[in-house]
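Below: the structure, in structure tokens.
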Amino acid sequence: MEIKIAKNSGFCFGVKKAIEVAEEVAKNNKGKTYVHGQLVHNEKVINDLGNKGIVFVENLAEIPDGAITVLRAHGEPGSTYKTLNEKSITKDNNLTDATCPLVTLVHNVGIKLKENGYEVIIFGKADHPESIGTKFHLKGNDTIIVEEPEEYQKVLEFIKNNNSEKVAIISQTTMSVYGYKKLIENINSNLSGNKFGQIQLSLRDLSEKYGYVDTICNPTKQRQSGTEEIAKESDIVIVIGGKNSSNSKELYTKCKELGVESYFIQSAEQLQADWFNQKDKVGVTAGASTPDYLIDEVVNKIKELAA
Ligand code: SF4
164 MEIKIAKNSG FCFGVKKAIE VAEEVAKNNK GKTYVHGQLV HNEKVINDLG NKGIVFVENL
224 AEIPDGAITV LRAHGEPGST YKTLNEKSIT KDNNLTDATC PLVTLVHNVG IKLKENGYEV
284 IIFGKADHPE SIGTKFHLKG NDTIIVEEPE EYQKVLEFIK NNNSEKVAII SQTTMSVYGY
344 KKLIENINSN LSGNKFGQIQ LSLRDLSEKY GYVDTICNPT KQRQSGTEEI AKESDIVIVI
404 GGKNSSNSKE LYTKCKELGV ESYFIQSAEQ LQADWFNQKD KVGVTAGAST PDYLIDEVVN
464 KIKELAA
């Protein structure tokens, strides 16, 4: 049996940096270090960090006044900074912001489009922290979020009711490249007049009435293309990622779309021996929130089961 790991599998630089930052802060802090939400969508990593004195809270109210705090890679809405400020937790004092620069870039793109008269629509998951953070900079809870290419009607509906407005679509960094393309195709094939054209990330030319900006990050794209490559040449693909990891779920969906037998797991213990019966080529891929040691554990377990 041949086992191949997809190119660029595992941690992206943004997640790696956020973990390093949190570990460094916790090391230099005798008390507890607080993180709002999951620093990374991977339970094992979260448990390991918990053993290093990092406390993860879902609600900002659980962070005590003045506590040492780290903000995750996914980005936060402005209201988070305001609430922390009221608790005397500020950047020049006890707050370390590990927001990935590529998430900040999406916020800035959205803000600039809005300032230039566009209604900005997000292609993303409504409950994902990144989209929650991005919509804060747009129209808050009134921001239109399209989760799937099949929801293109939401965009058409807006255009029908607001025909004179400029409309731009941006994407959460971890969405499917194929899904984004499909969404634009679905919209354009149902529009009789102006179509959605691509607006370059530099935003130098904002003359399009309807446009979309490719804000899916490069590490996500690399993981998707590496997975596609491996799925095409494997009899079975094992996708490793946290249950809540958006980019890992996209990798799994991609494998299913390509028709290869695939399984989405969180750890090596979930592997089952019969999956590998009469399989010669096994592909392994992992989302941006999966550490290398988990990939190694899975590969070793597959070898053990095959033997
Ligand atoms: S997936 Fe992309 S945007 Fe998100 S943390 Fe990683 S590099 Fe940054």
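Under our numbering, read the sequence shown as residues 164 to 470, first letter to last. Backbone N, C-alpha and C fix where the C-beta goes; we use that ideal spot for every residue, glycine too.
inquiry  = Applying the 10 Å Cβ sphere with the 16-neighbour rule, what's the burial state of residue 363?
reply    = Residue environment for residue 363: exposed (fewer than 16 other C-beta atoms within 10 angstroms of its C-beta).
key: Candidates 367, 378 and 326: closest to residue 264 by CA position   = Per the C-alpha coordinates, the member of 367, 378 and 326 positioned closest to residue 264 is 378.
key: the region 310-325 in contact with the region 263-277 per 3-pair CB rule at 8 Å   = At 8 Å Cβ cutoff, the stretches do not touch.
ask   = Cβ of residue 461 within 8 Å of Cβ of residue 401?
value = Cβ distance < 8 Å, so residue 461 and residue 401 count as in contact.
ask   = What is the C-beta distance between residue 380 and residue 416, in whole angstroms, given that I count them as a contact (C-beta under 8 Å)?
value = Contact doesn't hold; Cβ gap of about 18 Å is too wide.
ask   = What do you get for residue 441, buried or exposed, if any count of 16 or more other CB atoms within 10 angstroms of its CB means buried?
value = Residue 441 should be labelled exposed.
inquiry  = In the DSSP output, what is residue 199 paired with across the bridge?
reply    = Bridge pairing for residue 199: 220 [DSSP].
query = When burial is assigned at 16 or more other CB atoms within 10 Å of the CB, is residue 386 buried or exposed?
reply = With 16 or more other Cβ atoms within 10 Å, it is buried.
query = Counting along the chain, where does the beta strand (DSSP E) carrying residue 281 start and finish?
reply = Going by DSSP, residue 281 is part of the beta strand (DSSP E) stretching over 281-286.
ask   = Given a threshold of 16 other Cβ atoms within 10 Å of its Cβ, counted over all protein chains shown, does residue 435 qualify as buried or as exposed?
value = Per the 10 Å Cβ criterion, exposed.
query = How about residue 427 and residue 446: are their beta carbons less than 8 Å apart?
reply = In this structure, residue 446 does not lie closer than 8 Å to residue 427 by Cβ.
task = Compute the Euclidean distance between the alpha carbons of residue 164 and residue 250, then round it to the nearest angstrom.
result = The C-alpha of residue 250 is placed about 57 Å away from the C-alpha of residue 164.
4 or more residues per run - each alpha helix (DSSP H) lying fully within the region 368-449 = Segments of the alpha helix (DSSP H) lying fully in the region 368-449: 381-395 and 409-420.
request  = Pull up the distance between the alpha-carbon of residue 453 and that of residue 179, whole angstroms please.
outcome  = Distance between the alpha carbons of residue 453 and residue 179: 10 Å.
message = If I follow the unbroken beta strand (DSSP E) through residue 332, where does it start and stop?
response = Looking at the DSSP string, the run of the beta strand (DSSP E) that includes residue 332 is 329-334.
task = Whole angstroms is fine: what's the gap from residue 472's alpha carbon to residue 341's?
result = The requested residue 472 is not part of the displayed model; the chain covers only 164 to 470.
Status (buried if at least 16 other CB within 10 Å, exposed otherwise) for residue 201 = By the neighbour-count rule (16 or more Cβ atoms within 10 Å), residue 201 is buried.
request  = Taking 8 Å as the cut-off, decide whether the C-beta atoms of residue 280 and residue 329 are in contact.
outcome  = Yes, these two residues count as a Cβ contact at 8 Å.
ask   = What number of angstroms, rounded off, separates the C-alpha of residue 213 from the C-alpha of residue 444?
value = A straight line joining the alpha-carbon of residue 213 with that of residue 444 spans about 37 Å.
task = Let me know the alpha helix (DSSP H) ranges lying completely inside the region 302-353, each 4 residues or longer, listed in chain order.
result = Complete alpha helix (DSSP H) runs here, min 4: 316-324 and 340-352.
Which of helix, strand or coil DSSP assigns to residue 246 = Residue 246: helix per DSSP, three-state reduction.
inquiry  = ligand 1 and residue 176: does the residue's C-beta get closer than 7 Å to at least one heavy atom of that ligand?
reply    = For residue 176, the Cβ falls inside the 7 Å cut-off from some heavy atom of ligand 1.
ask   = Do we get a CB-CB distance below 8 Å when we pair residue 259 with the residues of chain B?
value = Given the protein chain composition of this structure (a single chain), no chain B is represented.
Backbone CA spacing between residue 437 and residue 237 [nearest angstrom] = Cα atoms of residue 437 and residue 237: separation of roughly 37 Å, rounded to the nearest angstrom.
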